[in-house]
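Participant:
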Amino acid sequence: MKRVLEYIYNSICKNLILAISVFLLLVVGIFSSITITVNYKEQNSSNEIIKKILGEHSYCQLIENFTSVDMDNDHEENLKLLEKKEKLYTNEKLYFFYKELQKKYKLIETEEYVLLNLSRVSQDKEENYPGKLYAEVVYKIYKDFKLDIIYKADSDKTTLVNMTNHSYFNLSGNIKRPVTDFNLKLDCDSFLELDETSIPTGKILKVKDNKPFDFTELKSIGKDIDDNNQQIKFGKGYDHAFLLKDDKKIYVEDPKSKRNMTIQTSQDAVVIYTMNSQQKKNTYMGKLPPIRHGICFETQAPPIGKDMCFIDRSILKENEQYLQSTTYSFGLIK
Numbered sequence: 001m002k003r004v005l006e007y008i009y010n011s012i013c014k015n016l017i018l019a020i021s022v023f024l025l026l027v028v029g030i031f032s033s034i035t036i037t038v039n040y041k042e043q044n045s046s047n048e049i050i051k052k053i054l055g056e057h058s059y060c061q062l063i064e065n066f067t068s069v070d071m072d073n074d075h076e077e078n079l080k081l082l083e084k085k086e087k088l089y090t091n092e093k094l095y096f097f098y099k100e101l102q103k104k105y106k107l108i109e110t111e112e113y114v115l116l117n118l119s120r121v122s123q124d125k126e127e128n129y130p131g132k133l134y135a136e137v138v139y140k141i142y143k144d145f146k147l148d149i150i151y152k153a154d155s156d157k158t159t160l161v162n163m164t165n166h167s168y169f170n171l172s173g174n175i176k177r178p179v180t181d182f183n184l185k186l187d188c189d190s191f192l193e194l195d196e197t198s199i200p201t202g203k204i205l206k207v208k209d210n211k212p213f214d215f216t217e218l219k220s221i222g223k224d225i226d227d228n229n230q231q232i233k234f235g236k237g238y239d240h241a242f243l244l245k246d247d248k249k250i251y252v253e254d255p256k257s258k259r260n261m262t263i264q265t266s267q268d269a270v271v272i273y274t275m276n277s278q279q280k281k282n283t284y285m286g287k288l289p290p291i292r293h294g295i296c297f298e299t300q301a302p303p304i305g306k307d308m309c310f311i312d313r314s315i316l317k318e319n320e321q322y323l324q325s326t327t328y329s330f331g332l333i334k
């Protein structure tokens with residue numbers, strides 16, 4: 001799992017391609033997006049806009065990557081402008097930066113979508129995992145408010161793979177309200193029990209026997225988030241793996257803004273985290289977001305827990321292909 005997280009960090013945060021799309025205009029409350037796609041033809045972008053979208057940490061990573069790009073004679077001048085964070089980073093300069101990145105990453109733009117392909121090779125015995133692992137993530141952002149994330153991997157030896165996405169979502173717009181104001185529905189009748197350290201014990205619990213975890217019907221996320229249930233106490237809210245049924249569908253809505261999000265996945269589980277602890281970094285608009293102002297839907301295989309429980313769900317056999325996908329669709333409540 002450590003190598004998977006390292007892969008996601010290295011591939012996404014350090015190799016981030018920046019932009020503003022119609023997708024983000026609808027869900028302006030997403031404040032820790034794994035990837036943001038650039039529409040350089042239509043948008044004026046400034047350093048402050050970049051920082052607001054990415055947060056301080058990713059913004060610094062962007063500067064780090066920017067300095068590694070070979071540019072024309074205006075390179076030093078451009079860097080000074082970027083670092084001072086005072087003047088607009090014009091369309092022309094952004095376009096040049098964008099074209100340089102295209103040389104480094106597989107980036108495709110069509111009339112219907114923008115596709116970003118990121119990949120990494122993890123050598124045999126790296127982090128003590130067996131096998132030379134090729135891992136790839138494909139992002140497709142469509143004009144009709146839809147995002148596809150496709151995960152691929154293969155290894156020359158049997159190894160462990162469990163890839164996911166840890167983006168925070170807030171449908172209120174500029175995180176005006178906590179996610180406890182939102183409604184949630186899951187195609188799920190069971191979830192994984194956690195111990196006091198939030199590690200799966202190996203036991204599967206029924207949502208019908210644990211009322212706070214029953215989202216089989218549309219229910220407010222905040223209704224039972226402070227319930228006296230022991231599992232709620234362990235997580236200080238929701239931080240649990242829900243086992244998805246055949247439909248594998250997740251639906252969340254903000255009744256006030258009327259925005260909604262539907263998640264469809266090929267994965268067997270989703271870890272739902274309601275940001276129960278204060279963040280340690282200024283992840284949105286230069287500020288620390290209040291607790292429970294973001295929610296993660298980490299679609300994945302059931303996470304490995306005590307005594308290696310559920311490890312069989314993360315095993316990738318030699319020369320077999322790992323292929324999973326998750327689609328996020330955004331719309332308005334009718």
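In my numbering, the protein residues as written are 1 to 334.
The beta-carbon is built from N, C-alpha and C at its ideal position, and this holds for glycine as well.
#1: DSSP on methionine 275, reduced to helix/strand/coil?
#2: Give the DSSP-derived three-state secondary structure of isoleucine 311 in the structure shown.
#3: With a 10 Å radius around its C-beta and 16 neighbouring C-beta atoms as the bar for buried, classify methionine 275 as buried or exposed.
#4: Report the start-end ranges of each alpha helix (DSSP H) in the region 171 to 242 that is 4 residues or longer and not cut off at the edges.
#5: Would you check if the distance between the CB atom of threonine 327 and the CB atom of aspartate 187 is smaller than 9 Å?
#6: Strictly by DSSP, which residues pair up with lysine 146?
#7: Check whether the Cβ atoms of isoleucine 108 and leucine 323 sit closer than 9 Å, and answer yes or no.
#8: Which same chain residues, not among the five before or five after valine 207, have their C-beta less than 7 Å away from its C-beta?
#9: Secondary structure at asparagine 117, three-state DSSP: helix, strand or coil?
#10: Residues bridged to threonine 265 by DSSP?
#11: Ignore the nearest five residues each way along the sequence and tell me which others in asparagine 210's own chain have a CB closer than 7 Å to its CB.
#12: Would you grab the beta carbon distance between glutamate 264 and asparagine 162 for me? Rounded to a whole angstrom, and I think it's under 8 Å.
#13: I need the straight-line Cα distance from tyrosine 238 to isoleucine 225, nearest angstrom please.
#14: Where does leucine 171 land, buried or exposed, given buried means 16+ other C-beta within 10 angstroms?
#15: Please list the terminal residues of the continuous beta strand (DSSP E) segment that includes phenylalanine 297.
#16: Assuming glutamate 318 and threonine 158 are in contact, meaning their beta carbons sit under 8 Å apart, how far apart are those beta carbons, in whole angstroms?
Facilitator: Quick look at the numbers:
#1: Looking at methionine 275 - three-state DSSP - the assignment turns out to be coil, as it is neither helix nor strand.
#2: helix
#3: buried
#4: 230 to 235
#5: no
#6: Tyr142, Ser329
#7: no
#8: Cys188, Asp189, Ser190, Phe191, Phe213, Asp214, Thr216
#9: strand
#10: Thr326
#11: These residues qualify, in order along the chain: Asn229, Gln231.
#12: Note on residue identity: the sequence assigns glutamine, not glutamate, to residue 264. The pair is not a contact, with the Cβ atoms about 19 Å apart (cut-off 8 Å).
#13: 7 Å
#14: That one is buried.
#15: Looking at the DSSP string, the run of the beta strand (DSSP E) that includes phenylalanine 297 is 296 to 300.
#16: 5 Å
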